[in-house]
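Just so you know, the protein sequences line up as chains A and B, in that order.
Be aware that the first sequence starts at 1, since it is given in the UniProt record's numbering, and climbs by one per residue.
Be aware that the second sequence starts at 1, since it is given in the UniProt record's numbering, and climbs by one per residue.
C-beta: ideal position from N, C-alpha, C; glycine also.
In what follows, a structure is listed as structure tokens, so that the remarks can point back to it.
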Amino acid sequence: MKTKLTALAVTTALVAPAAMAQEMTIVSWGGAYSKSQLKAYHEPYSAKSGVTIINDDSSAEAVAKLRAMNEAGNVTWDVVDVVAADAIRLCDEGLAMEIDADTQLAAAPDGTSASEDFGDLLVSDCFIPQIVYSTTFGYRTDLVGDTAPSTICDVFDTEAYPGKRALEKRPINNMEWALLCDGVAKGDVYDVLATPEGQDKALAKLGTIKDDVIWWSAGADTPQLLADGEVVMGSTYNGRLFAVIEEQKQPVAMLWDAQVFDLDGWIIPAGLSDERKAQALDYIMFATDTQRLADQAKYISYGPARASSAPLVGKHAELGIDMAPHMPTDPNNAQNTFLYNYEFWADYRDDIDAKFQAWLAK
Amino acid sequence: MTDATSQSGPVLAADGTPLKKSLARALRLQKTRALMLIAPLLVFVMVSFIFPIAKMLFKSVENEIVVETLPLTVAELQNWNAESGALPDEALYAAFVADMVVAIDAKRHTRLGTRLNYEHTGMSSLFRKSGRKIKKLDPAADGPFKEKLIDIDKKWGDVTTWAVIKTHSVKITNGYFLNAIDMQRTPEGAQAQPEDKRILIKLFQRTLFMSLMITVSCILLGYPVAWLLANLPARTANILMILVLLPFWTSLLVRTSAWKVMLQQQGVINEVLVWIGLVADDARLVMINNQFGTIVAMTHILLPFMILPMYSVMQTIQPTYLRAAKSMGATNWTAFWRVYFPLSVPGIGAGSILVFILAIGYYITPEIVGGTKGVFISNRIAYHISSSLNWGLAAALGTILLGVVLLLYWCYDKIVGIDNVKLG
């Protein structure tokens, strides 16, 4: 699955700065997401610099592959798109390069420094955020009766909303939702979850709907299950639900309550040659500026990570609908949100995952 | 006898050298030549196959990271007794700060934190957060450090933290193997994991059981098909053969997803059953996201690996044998059971080994259709390789799986005999 922009590069090769490498490999997730990056970042960048961009859809295995490449001493990727949790892991392992936001990223058009523009979203020294996406619920409008679900706890209410639910086959997010609906205050969720009793409490709450859950492991599962009517509601990434609702016109609606924000962005692998590093930094500087991040939202319903990009978000390139109300960060949608707690899950992921899997297998 | 004993020297070749030596030399030359011929292949196999596997397996015991990152601390820890319950003294804290300053400079401390976090939750952030502050300390001038470190994070004043570092400071560890069988390495020796974290043994058992079920269903379904293929006229057999091979040319994911469409509750089979009234609309059968779905999908995917060896063995069975048996009064059943079946056993053996070994290592299909009760041990291996990056544990699980396969292979050799396996 490698898409070469050769033709484009050939036409612009004449104006390319001679010192830079002529080809770079950018790793991403594939599908509609890679397409949005192709349109918003790669094509304009190739046109500007004459660099051929090779797209590699390996982000799902990026962490393991980068580690293997690093051990073999031959890193073939230049820029890699990963979720923030993976970026932290890569940074910890010394597999990603540290970036100084203020000197190596573009400032906002009004002069605000990059570190201020990204703000809290710079969750790791190696990570350059690109989009804010959220894991949230979609439900079948025709299968939920007269009153549509309005809060996250409706997911746990099998009497009011009988039928199967789709949840991700991992503890992250599910444990938080379970505690929230078991009466734990939002601010205390992670303190409770850090204790064995809290973990048992969360699993017990999930246990009340265990028989009604179909566990998914790929982001495409829930949209499919919803479209087939296999489940009445299910969690997935908001962009996937946007595609089901607006592009495929399925009878599905969004339940934004208690959506969990997560970040996706770039890292540059450690150990690149100086020439390739300069090339990668040049690309990053271009691709994460205010206009480019806003451009990506024309092709996919994920919110730009820069505060300065939000006002520039326009209409969908093909559907022609306003994208702002479909952004997870839109004020109407973001009334009750979580931000993925990276620090907590970096510590507790393996421990709670072992418990979660043992609980699933019971 | 007297002749032989009376002979004084060894037998000589024509040129006067002892015959034994001369023969050995000629043989050695031949062997070297043969070795040279296969050398490129041998080197290729060694480099591309055996070496990486051996390296991966070695990861299951390799644990140099602690000693390499904290050499002075590990040396000091030898003088400290975890069971005493008392905190280590200042010398250790000083050694630790000296080690950390070097490690932070090389950005190795977070890596160590990740490693220790596999054993004790919280180590990852402890090393990451403390690193930022320890960076500012000067090991030569800023002592004493004990108070300072505990000030930075109170976990440095917790005996458990140091006990964990000490327990995992050996260069060659059995820790990963213990983890792989639901145990853990503790200061007091190997102990069982808490009950709510025991999952791996269960998954090993389930993997073996399910692989066995899949192999048996492949035999039951594959045998008649292979028999038909071997006994039909060539033209019909060829068409059938294409049908057997067709799934081979289709993507694994497509085939697995097709089973989802067939088996899910709003799927083809349930729709048909409801339509003809065999099943009530509100009591649709659950046929996927469980063990049943996994066995069905995997049997379908692995069936060609069973049919092909059976077919090639059955093709070599002469029809005259059956006719001879019948001419001597055997019924169809007896002729099949006493003559044909024993001759076809090598094909079943070869197919079973192929299917079983492939099934034991499968993970994409169980991941997609397995739900909670149909996942295999390989799914955990994949998780530790690509998500948790705990390659040591993944390697230990892989080594155990390899050991189990070799053991079963050995049992098969003892019971059926490996000479009795034919691929054609």
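| Query | Result |
| --- | --- |
| Please classify serine 60 of chain B as buried or exposed, where buried requires at least 16 neighbouring CB atoms within 10 angstroms. | buried |
| Does the segment 285-302 of chain B touch the segment 262-277 of chain B, meaning 3 or more C-beta pairs lie closer than 8 Å? | yes |
| Between valine 244 of chain B and proline 304 of chain B, is the Cβ-Cβ spacing less than 9 Å? | yes |
| Measuring alpha carbon to alpha carbon, tell me which residue in A:Lys48, A:Phe156, A:Arg306 is nearest glycine 183 of chain A. | A:Phe156 |
| Indicate whether at least one CB of chain A lies closer than 9 Å to the CB of aspartate 15 of chain B. | no |
| Between B:Thr372, B:Lys373, B:Gly374, B:Leu393, which lies nearest to alanine 382 of chain B when the distance is taken from Cα to Cα? | B:Leu393 |
| Around the C-beta of proline 18 of chain B, are 16 or more other C-beta atoms found within 10 angstroms, so that it is buried, or is it exposed? | exposed |
| State whether the segment 268-275 of chain A contacts the segment 193-209 of chain A, with contact taken as three or more CB pairs (one from each stretch) at a distance under 8 Å. | no |
| Three Cβ pairs or more, each shorter than 8 Å: is that satisfied between the segment 71-85 of chain A and the segment 23-41 of chain A? | yes |
| Tell me whether methionine 56 of chain B sits in a helix, a strand or coil according to DSSP, three-state version. | helix |
| Determine the direct distance from the alpha carbon of phenylalanine 242 of chain A to that of leucine 92 of chain B, and round the result to whole angstroms. | 57 Å |
| So, under 8 Å CB-CB, glycine 138 of chain A and valine 244 of chain A are touching, yes? Tell me the CB distance rounded to an integer number of Å. | 7 Å |
| What does DSSP give as the partner residue(s) for alanine 230 of chain B in the beta ladder? | Its beta-bridge partners do not exist; DSSP assigns none. |
| Using a Cβ-Cβ cut-off of 6 Å (strictly less than) and excluding sequence neighbours within five positions of tyrosine 321 of chain B, which residues of its own chain qualify? | Val339 |
| Rounded to whole angstroms, what is the Cα-Cα separation between leucine 263 of chain A and proline 44 of chain A? | 23 Å |
| Under three-state DSSP, which class holds glutamate 61 of chain A? | helix |
| According to DSSP, is arginine 108 of chain B part of a helix, a strand, or is it coil? | coil |
| Under 9 Å between C-beta atoms, does alanine 122 of chain A make it to chain B? | According to the sequence shown, residue 122 of chain A is leucine rather than alanine. So no, leucine 122 of chain A is outside the interface. |
| Using the Cα positions of glycine 265 of chain A and proline 129 of chain A, report the straight-line distance between them to the nearest angstrom. | 4 Å |
| For a contact meaning CB atoms closer than 9 Å, what does asparagine 289 of chain B contact in chain A? | Ile214, Trp215 |
| So, is the C-beta of alanine 346 of chain A closer than 9 Å to a C-beta in chain B? | yes |
| From the DSSP output, which residues share a beta bridge with arginine 140 of chain A? | A:Val252 |
| Check whether the Cβ atoms of alanine 325 of chain B and threonine 316 of chain B sit closer than 9 Å, and answer yes or no. | no |
| Taking the C-alpha atoms as reference points, what is the distance between aspartate 146 of chain A and tyrosine 299 of chain A? | 33 Å |
| Assess, as a yes-or-no matter, whether the segment 160-179 of chain A is touched by the segment 344-355 of chain A under the definition of 3 or more beta carbon pairs within less than 8 Å. | yes |
| To the nearest angstrom, how far is the alpha carbon of histidine 300 of chain B from that of arginine 306 of chain A? | 49 Å |
| DSSP on asparagine 270 of chain B, reduced to helix/strand/coil? | helix |
| Going by the DSSP bridge assignment, what does threonine 186 of chain B pair with across the sheet? | B:Gly189 |
| Ignoring anything shorter than 4 residues or poking outside the segment 106-145 of chain B, list the alpha helix (DSSP H) runs there in chain order. | 109-117, 123-134 |
| State the beta-bridge partners of proline 18 of chain B as determined by DSSP. | B:Leu12 |
| Is there a Cβ from chain A that is less than 9 Å from the Cβ of tyrosine 118 of chain B? | yes |
| Determine the burial state of arginine 111 of chain B: buried for a count of at least 16 other Cβ atoms within 10 Å of its Cβ, exposed for fewer. | buried |
| Assuming serine 34 of chain A is part of the alpha helix (DSSP H), what are its boundary residues? | 31-37 |
| State yes or no: is the C-beta of aspartate 153 of chain B within less than 9 Å of the C-beta of leucine 126 of chain B? | yes |
| Mind checking which residues open and close the beta strand (DSSP E) that includes phenylalanine 338 of chain A? | 337-339 |
| Applying the 10 Å Cβ sphere with the 16-neighbour rule, what's the burial state of methionine 1 of chain B? | Only weak support exists for where methionine 1 of chain B lies, its pLDDT of 44 falling under 50; the coordinates are left without a value. |
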